[in-house]
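When you read off a place in the sequence shown, starting at 1, and then add 367, the result is the number in this note's numbering. The structure appears below as structure tokens.
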Amino acid sequence: MKENRTVTLDLKNGQPPIELPVMSGTLGTPVIDVRALAQHGYFTFDPGFTATASCASSITYIDGEAGLLYHRGYPIEQLAYESDFMEVSYLLLYGELPTAQQKVDFEQAITHHGMLHDQVVTVFRGFRRDAHPMAVMIGVTGALSSFYPDAHDVFDPRSREISAHRLIAKVPSIAAWAYKYNIGEPFIYPQNRMAYAENFLHMLHATPCEPYEVKPVLARALDRIFILHADHEQNASTSTVRLAGSSGATPFACVAAGMASLWGPLHGGANEAVLKMLEEIDDVKNIPAVIQRAKDKADRFRLMGFGHRIYKNFDPRAKVMRETCHEVLDALDLMDDPQFKIAMELERIALQDDYFIAKKLYPNVDFYSGIVLRALGIPSSMFTVLFALARTAGWVAQWNEMLTDPAHRIGRPRQQYTGPTRRDYVPMTKRGA
Ligand code: ACO
């Protein structure tokens, strides 16, 4: 980061003012380097990290006001339409688009790491049949650390690379098996002849009883969904992976921690909530009442799938997802699907409504992704699982970047203490009734 000026902070404590460097990245908001403050007896206070950059990163750039999302400089729209998930994973991990040979080698490496150790089956069998697939994902991904003791050497670049490949390769198998276990069907093994998304859909929907053909249009749509969810800079789950990894923990445990963070309804669970809302609306005629409820300050109800903390313009991923939604429903002859019709009418009315315009509340990626995933035959309990599968590429790239950063230190936030001041222990006999 380039240091180009300083800001002067006068704490008015009788000490000389402090000069704090202002640093600019290649794009985006400059940061004030506050590290020197601790030497002067002060910490900064920013719960929720609304104004704190936790790291320097060259992987993903977001401009929420302008509605921009770039991975390694490439706009998400170009990647979604012209690339594929394997290439985007390579880009996130290595920083550049692969050459033809690099792409072949990468796909080969990922394909040949897809199998799970046979003993992992017994880990699955330890879960209740009705366990949420995210609970199984977190447990099994964490358990992989016991199968790969070599992954503990996180400061060895080759060890990190193999772990990253293993995670990108094995998470689809874990995800599909979490579903199969839940519905009581046999596990389907990965097929090395299939591409990444096709292979995942096959593991999810095939049975050993008969051949199962994955429709190319559906595999392509899922691959695009994976691209759209591959990384999103320092969100809650990515920050969790970085914080867990900052102590030198094994990557399988770090990614399991990221999955735990993603599971929360404020992060990865929103598309499930959109579908629930569409079910509850039930009929297009009920939409005006729903819009009224969303605008009513006294009502806690919100229009699920609208608004975003960062994007105050159209979420660029939502534009692509909207088109994918139309393509998939058209290909599957589902344009008359009642929930899709409700969604389109809701979108139309909300985009014209003064309340939503004034507050810059646009449909977000989750508004459309739930509809697409349902059309692909994926149950809503699996929506966050698919998000985790795609985000694994971003998590391992961010984890790898952190460990190669010369400024890397263990993450250790400070606090403002608000508990009792010093007091002496009171023996039980003197504490009253
Ligand atoms: N419906 C109705 N009103 C809304 C909505 C909504 N979906 N979202 C925000 N608002 C209103 C708020 O009531 C608030 O109004 P006020 O200024 O009169 O108090 C204003 O817009 C700003 O809302 P905040 O909650 O302050 O915005 P914030 O940036 O903190 O929240 C969030 C963003 C959580 C996404 C919010 O818009 C929301 O709850 N949306 C619905 C849930 C959702 O779709 N989440 C998925 C996000 S995308 C993702 O995670 C990949």
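Glycine included, each C-beta is placed from N, C-alpha and C at the ideal position.
task: Compare the Cα-Cα distances from ALA757 to each of GLY493, GLN382, ILE738 and LEU629 and report the closest residue.
output: Taking the first residue of the sequence shown as 1, we reach residue 757 at position 390. Nearest C-alpha to ALA757: LEU629.
message: Would GLN382 and HIS407 qualify as a contact pair, given that the criterion is a beta-carbon distance under 8 Å?
response: Here residue 382 refers to the residue found at position 15 when the sequence shown is read from its first residue. Here residue 407 refers to the residue found at position 40 when the sequence shown is read from its first residue. Note that the C-beta distance between GLN382 and HIS407 is below 8 Å.
message: Can you tell me whether VAL732 sits near the ligand ACO, meaning its C-beta is under 7 Å from at least one heavy atom of the ligand?
response: Here residue 732 refers to the residue found at position 365 when the sequence shown is read from its first residue. Yes - the ligand ACO has a heavy atom lying nearer than 7 Å to the Cβ of VAL732.
query: Under the criterion of a Cβ to heavy atom distance below 7 Å, does HIS572 qualify as lining the ligand ACO?
result: Looking up residue 572 in the sequence shown gives position 205. Not under cutoff, so the answer is no.
task: Write down every uninterrupted run of the beta strand (DSSP E) in the region 402-456 whose length is 3 residues or greater and which is fully enclosed by it, in chain order.
output: Entirely contained in the region 402-456, the beta strand (DSSP E) runs reaching 3 residues are, in chain order, 427-430 and 435-438.
field: Chain-order list of residues whose beta-carbon lies under 6 Å from that of LYS662 (same chain, five-residue window excluded)
entry: Locating residue 662 in the sequence shown gives position 295, where the first residue counts as 1. Excluding residues up to 5 positions away in sequence, TYR722 lie with their Cβ nearer than 6 Å to the Cβ of LYS662 in the same chain.
Alpha helix (DSSP H) segment containing MET749, residue limits: Counting from one through the sequence shown, the residue named residue 749 turns up at place 382. Unbroken run through MET749: none, as it is neither H nor E.
query: Is PHE593 near the ligand ACO, with its Cβ less than 7 Å from a heavy atom?
result: Residue 593 sits at position 226 when you count from the first residue of the sequence shown. For the ligand ACO, not one heavy atom lies less than 7 Å from the Cβ of PHE593.
query: Relative to the alpha-carbon of GLY395, which residue among LEU436, VAL401, THR373 and HIS675 has its alpha-carbon at the smallest distance?
result: As a first step, residue 395 is located in the sequence shown; it is residue number 28 there, counting from the start. Selection LEU436, VAL401, THR373 and HIS675 evaluated against GLY395 yields LEU436 as nearest (Cα-Cα).
- request: Rounded to whole angstroms, what's the CA-CA distance from VAL374 to PRO397? Just pull it up for me.
  value: Locating residue 374 in the sequence shown gives position 7, where the first residue counts as 1. Locating residue 397 in the sequence shown gives position 30, where the first residue counts as 1. Cα-Cα distance, rounded: 12 Å.
query: Does DSSP classify THR373 as helix, strand or coil?
result: The residue you call residue 373 lines up with position 6 of the sequence shown. The answer is strand: DSSP assigns THR373 an E or B state.
query: So, LEU589 versus ALA564, is the Cβ gap smaller than 8 Å?
result: Taking the first residue of the sequence shown as 1, we reach residue 589 at position 222. Taking the first residue of the sequence shown as 1, we reach residue 564 at position 197. Result yes, Cβ atoms of LEU589 and ALA564 sit closer than 8 Å.
message: the ligand ACO and HIS675: does any heavy atom of the ligand fall closer than 7 Å to the residue's C-beta?
response: The residue you call residue 675 lines up with position 308 of the sequence shown. Indeed, a heavy atom of the ligand ACO lies less than 7 Å from the Cβ.
field: Where TYR784 falls, given that 16 or more other Cβ within 10 Å makes a residue buried
entry: Taking the sequence shown and counting its residues from 1, the one referred to as residue 784 is at position 417. Exposed, since its Cβ has fewer than 16 Cβ neighbours within 10 Å.
field: Three-way DSSP call (helix, strand, coil) for VAL793 in this model
entry: The sequence position of residue 793 within the sequence shown is 426, counting from 1. Looking at VAL793 - three-state DSSP - the assignment turns out to be coil, as it is neither helix nor strand.
message: Whole angstroms are fine: how far does the CA of CYS692 sit from the CA of VAL622?
response: Stepping through the sequence shown from its first residue, residue 622 is reached at position 255. Stepping through the sequence shown from its first residue, residue 692 is reached at position 325. Answer to the nearest angstrom: the Cα atoms are 29 Å apart.
message: Less than 7 Å separating the Cβ of LEU728 from some heavy atom of the ligand ACO?
response: As a working mapping, residue 728 is identified with position 361 in the sequence shown. Yes.
message: Let me check you understand the geometry: is the CB of HIS634 closer than 7 Å to at least one non-hydrogen atom of the ligand ACO?
response: Position 267 of the sequence shown, counted from the start, is the residue given in the question as residue 634. HIS634: yes, Cβ under 7 Å from the ligand ACO.
task: Alpha carbon to alpha carbon, how far is ARG609 from GLN782? Give it in angstroms, no decimals.
output: On the sequence shown, position 415 is the one that residue 782 refers to. On the sequence shown, position 242 is the one that residue 609 refers to. Taking the straight line from one Cα to the other gives about 19 Å.
message: I need the straight-line Cα distance from PHE491 to GLN469, nearest angstrom please.
response: On the sequence shown, residue 491 is found 124 positions in, with the first residue counted as 1. On the sequence shown, residue 469 is found 102 positions in, with the first residue counted as 1. Each residue's CA atom was taken as its position, placing PHE491 and GLN469 some 34 Å apart.
field: Inter-residue Cα distance where the pair is ILE592 and ASP682
entry: Here residue 592 refers to the residue found at position 225 when the sequence shown is read from its first residue. Here residue 682 refers to the residue found at position 315 when the sequence shown is read from its first residue. Approximately 14 Å, taken between the alpha carbons.
- prompt: Does the ligand ACO have a heavy atom nearer than 7 Å to the CB of LEU435?
  reply: For the purposes of this step, residue 435 is taken as residue 68 along the sequence shown, with counting starting at 1. It does not: the Cβ of LEU435 is nowhere closer than 7 Å to a heavy atom of the ligand ACO.
query: Quick one: what's MET806 bridged to in DSSP?
result: Nothing can be reported for residue 806: it is not among the residues displayed for the chain, which extend from 368 to 800.
- prompt: Does at least one heavy atom of the ligand ACO sit under 7 Å from the Cβ of GLY672?
  reply: For the purposes of this step, residue 672 is identified with residue 305 of the sequence shown, where counting begins at 1. GLY672 Cβ: within cutoff of the ligand ACO.
message: Given this structure, state the Cα-to-Cα distance separating ALA543 from ASN371, to the nearest angstrom.
response: To locate residue 543, count along the sequence shown from 1; it is residue 176. To locate residue 371, count along the sequence shown from 1; it is residue 4. Taking the straight line from one Cα to the other gives about 50 Å.
- prompt: Taking the continuous alpha helix (DSSP H) assigned at MET626, which residues delimit it?
  reply: Here the question's residue 626 lines up with position 259 in the sequence shown. Where MET626 is concerned, the enclosing alpha helix (DSSP H) stretches over 618-629.
query: CB-CB under 6 Å to MET453, same chain, minus the five flanking residues each way: which ones, in chain order?
result: Start at 1 with the first residue of the sequence shown, and residue 453 comes out as number 86. The beta carbon of MET453 sits closer than 6 Å to the beta carbons of GLU474 and TYR563 from its chain, once the five residues preceding and following it are set aside; these are given in chain order.
field: Terminal residues of the beta strand (DSSP E) in which LEU387 lies
entry: Counting from one through the sequence shown, the residue named residue 387 turns up at place 20. Taken as a continuous stretch (DSSP letters only), the beta strand (DSSP E) holding LEU387 covers 385-391.
- request: Give me the Cα-Cα distance between HIS499 and ALA755, rounded to the nearest whole angstrom.
  value: Mapped onto the sequence shown, residue 499 falls at position 132. Mapped onto the sequence shown, residue 755 falls at position 388. Cα to Cα, the separation comes out at about 14 Å.
ASN638 classed as buried or exposed, judged by whether at least 16 other C-beta atoms fall within 10 angstroms: The residue labelled residue 638 in the question sits at position 271 within the sequence shown. By the Cβ-count criterion, ASN638 is buried, with 16 or more other Cβ atoms from all chains shown falling within 10 Å of its own Cβ.
message: For ASP650 and LEU740, I'd like the C-alpha separation in whole angstroms.
response: On the sequence shown, position 283 is the one that residue 650 refers to. On the sequence shown, position 373 is the one that residue 740 refers to. So the alpha carbons of these two residues sit roughly 21 Å apart.
- request: Run through the region 698-724 for me and flag every whole alpha helix (DSSP H) of 4 or more residues, listed as ranges in chain order.
  value: DSSP assignment within the region 698-724 yields the following whole alpha helix (DSSP H) runs of 4 residues or more, N-terminal first: 705-719.
message: If you measure between the beta carbons of PRO613 and GLY778, is that distance less than 8 Å?
response: Along the sequence shown, read from residue 1 onward, the residue named residue 613 stands at position 246. Along the sequence shown, read from residue 1 onward, the residue named residue 778 stands at position 411. The sequence given here has Ser at residue 613, not Pro. Yes, the pair counts as a contact, with Cβ atoms nearer than the cut-off.
message: Does the beta-carbon of ALA661, which I'm using as the reference point, lie nearer than 7 Å to any heavy atom of the ligand ACO?
response: Taking the first residue of the sequence shown as 1, we reach residue 661 at position 294. Inclusion of ALA661 in the 7 Å shell around the ligand ACO follows from its C-beta lying nearer than that to a non-hydrogen atom of the ligand.
task: Report the rounded CA-to-CA distance for ASN549 versus MET501, giving the unit in angstroms.
output: Within the sequence shown, the letter at position 182 stands for residue 549. Within the sequence shown, the letter at position 134 stands for residue 501. Inter-residue distance for ASN549 and MET501 is about 11 Å (C-alpha atoms, whole angstroms).
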